[in-house]
Amino acid sequence: MEQRDMNAISAMIGDFSSHLNSVEEKLQLLRERVSILSQTLLKQNDRLNKEISDLKTDVSNVRNENDKLKDVIDHIVLESGNFARKDELMNVQRYMKLFEPLNFMSQEEVIKFVEKMIEDKKHGKINIVEDE
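All residue numbers for the sequence shown refer to the numbering used here, where the first residue is 1 and numbers rise by one.
Structure, rendered in structure tokens:
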């Protein structure tokens, strides 16, 4: 073989070696990127799984609260039958106006009134007729 052929082969091997090194570096960079992406995806997967778990817990809590509210509403509806209706309250109000409890005398006022009447009778200011 000639020197020229040897130089050409040597140059081709050098070129090939250079390209091979470049491809190996790119392959290494791709492996690192894939590794980083894998780690990122695993972290996101864990985070999403936790969020899903939290959401399931929240949904369960909301359902429980909803059930409790339904029970309370059912209880209120049942008890509402025992509430006074507007017309019933109006009747009570009419009776209260008829009795006018504020115009009645207290026991203490009656005692004072009777004592005053007795005092007035003693002094002759009033004449009380007794029924026989």
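Glycine included, C-beta positions come from ideal geometry on N, C-alpha and C.
What residues in its chain sit with their C-beta under 6 Å from that of Glu-132, if we drop five residues either side in the sequence?
Only weak support exists for where Glu-132 lies, its pLDDT of 49 falling under 50; the coordinates are left without a value.
Which of helix, strand or coil does DSSP assign to Val-81?
Reading off the sequence, residue 81 comes out as Gly, not Val. Of the three classes helix, strand and coil, the one that applies to Gly-81 here is coil, per DSSP.
Suppose you measure from the CA of Asn-49 to the CA of Ile-73; what does that come to, to the nearest Å?
Taking the straight line from one Cα to the other gives about 36 Å.
Suppose you measure from the CA of Asn-82 to the CA of Gly-124; what does that come to, to the nearest Å?
C-alpha separation (whole angstroms): 59 Å.
Assign Phe-16 to one of three DSSP states: helix, strand, or coil.
DSSP places Phe-16 in helix when its eight states are reduced to three.
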